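As structure tokens, the structure follows; a few thoughts come after it.
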Amino acid sequence: MSKTAGEAYRNARAISKFFEGTGEIANSLVDAFVEGYRLNKYFKQTLMRFEERGLIKRGKTHCRVTRKGKVFLSRYWKRSYQRSAKDDTRWDGKWRLISFDVPISDDKKRKILRDSLRELNFYQLHKSVWIAPYKMTKEFWKFVVLNELHKYCKIMLIEVLEGDEELKKHFGLS
Numbered sequence: 006m007s008k009t010a011g012e013a014y015r016n017a018r019a020i021s022k023f024f025e026g027t028g029e030i031a032n033s034l035v036d037a038f039v040e041g042y043r044l045n046k047y048f049k050q051t052l053m054r055f056e057e058r059g060l061i062k063r064g065k066t067h068c069r070v071t072r073k074g075k076v077f078l079s080r081y082w083k084r085s086y087q088r089s090a091k092d093d094t095r096w097d098g099k100w101r102l103i104s105f106d107v108p109i110s111d112d113k114k115r116k117i118l119r120d121s122l123r124e125l126n127f128y129q130l131h132k133s134v135w136i137a138p139y140k141m142t143k144e145f146w147k148f149v150v151l152n153e154l155h156k157y158c159k160i161m162l163i164e165v166l167e168g169d170e171e172l173k174k175h176f177g178l179s
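Each residue of the sequence shown is one higher than the one before, starting from 6 at the first, in my numbering.
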């Protein structure tokens with residue numbers, strides 16, 4: 006087992022970054038990656054646990070992330086859908102509102118969605134209603150679909166929002 010929860014998190018994040026955007030990776034590349042990791046004993050344990058949980062499937066020559074693994078590892082890919090400084094952040098005068106109703110049985114997915122909206126600097130209007138002035142990236146939409154959150158979300162594009170002065174101030178638009 007990893008020495009600390011922090012070490013386990015770092016290992017999971019490193020594994021997720023290694024597999025991000027790939028279908029399959031040759032076992033020799035996976036082995037070289039593990040050997041190059043500074044605490045590879047604990048890293049190997051994390052990789053083995055991922056295999057035991059069905060997140061990663063290792064064949065004779067290749068290693069691949071399963072669908073279940075993509076959902077799990079995608080929580081470490083969040084930063085990839087954030088806006089970069091070079092993105093066009095001029096406001097087009099329209100608000101993007103996301104309303105969601107995730108069942109209690111999918112509590113982890115609800116937390117993932119809320120955390121993601123916070124990271125994207127959405128403003129929480131109500132418990133499950135969030136709003137932002139800027140377009141969301143394609144990567145964010147892929148993240149929503151990959152985590153099967155699209156089933157619970159309603160996304161609206163709003164041109165007129167009565168009493169939006171507080172929102173404009175929050176986002177520095179006034």
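Think of the CB as a built atom: it goes at the ideal place given N, C-alpha and C, for glycine as much as any other residue. Small disclaimer: the values here were computed from a predicted structure and weren't measured.
Tell me residue i's beta-bridge partners as DSSP assigns them.
i	result
residue 29	69
residue 160	103
residue 62	69
Just checking my contact of residue i with residue j at CB under 8 Å: how many whole Å lie between their CB atoms?
i	j	result
residue 52	residue 70	Contact flag wrong, Cβ pair sits at about 12 Å.
residue 128	residue 175	6 Å
Tell me the DSSP secondary structure of residue i in three-state form.
i	result
residue 104	strand
residue 175	helix
residue 78	helix
residue 149	helix
residue 134	strand
residue 128	strand
residue 140	coil
residue 170	helix
residue 95	coil
residue 154	coil
residue 165	coil
Report the residue from the options whose alpha carbon sits nearest the alpha carbon of residue i.
i	options	result
residue 172	20, 135, 108	135
residue 65	48, 35, 145, 46	35
residue 111	156, 15, 147	156
residue 168	60, 145, 130	130
So, using beta-carbon positions, are residue i and residue j closer together than 8 Å?
i	j	result
residue 178	residue 76	no
residue 161	residue 102	yes
residue 158	residue 149	yes
residue 154	residue 114	yes
residue 74	residue 55	yes
residue 105	residue 118	yes
residue 72	residue 32	no
residue 30	residue 99	no
residue 139	residue 96	yes
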